[in-house]
Amino acid sequence: MAKREPLIRIQNIVASASLNQTIDLKLIVEKFPHVEYRPKLFPGLVFRLKKPKTATLI
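The opening position of the sequence shown corresponds to residue 151 in this note's numbering, with each subsequent residue numbered one higher.
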């Protein structure tokens, strides 16, 4: 039986950064239409792009 290389696929990448400043989440919501911001459910903002398909938590 021939030995095959394993199939490797990246499904998720997580990174974090500290900007050392405040970010006006309400201003981001006004400027970008595809942003989810529900402060009663989650204190952050979800910024989604279609291409490349990504989601960023701010």
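Cβ coordinates follow ideal geometry from the N, Cα and C atoms, glycine included.
The structure displayed is predicted, hence computed values, not measured ones.
If I'm right that residue i touches residue j with Cβ under 8 Å, what's the distance once you round it to whole angstroms?
i, j, result
"Phe-192", "Ile-208", "The pair is not a contact, with the Cβ atoms about 11 Å apart (cut-off 8 Å)."
Beta-carbon separation of residue i and residue j under 8 Å?
i, j, result
"Glu-186", "Leu-199", "no"
Considering just the uninterrupted stretch of the alpha helix (DSSP H) at residue i, what are its terminal residues?
i, result
"Glu-180", "175-181"
Cutting at 7 Å between CB atoms, please list the residues of its own chain near residue i, excluding the five before and the five after it.
i, result
"Ile-173", "Ile-208"
Could you please give the first and the last residue of the uninterrupted beta strand (DSSP E) stretch that includes residue i?
i, result
"Glu-186", "185-187"
"Phe-197", "195-199"
"Leu-157", "Taken as a continuous stretch (DSSP letters only), Leu-157 belongs to no beta strand (DSSP E), as it is neither H nor E."
Go through its chain and collect everything with a Cβ distance to residue i's Cβ below 8 Å, but skip five positions before and after it.
i, result
"Lys-201", "none"
Out of the options, which one is the CA nearest neighbour of residue i?
i, options, result
"Lys-176", "Ala-152, Arg-188, Ile-160", "Arg-188"
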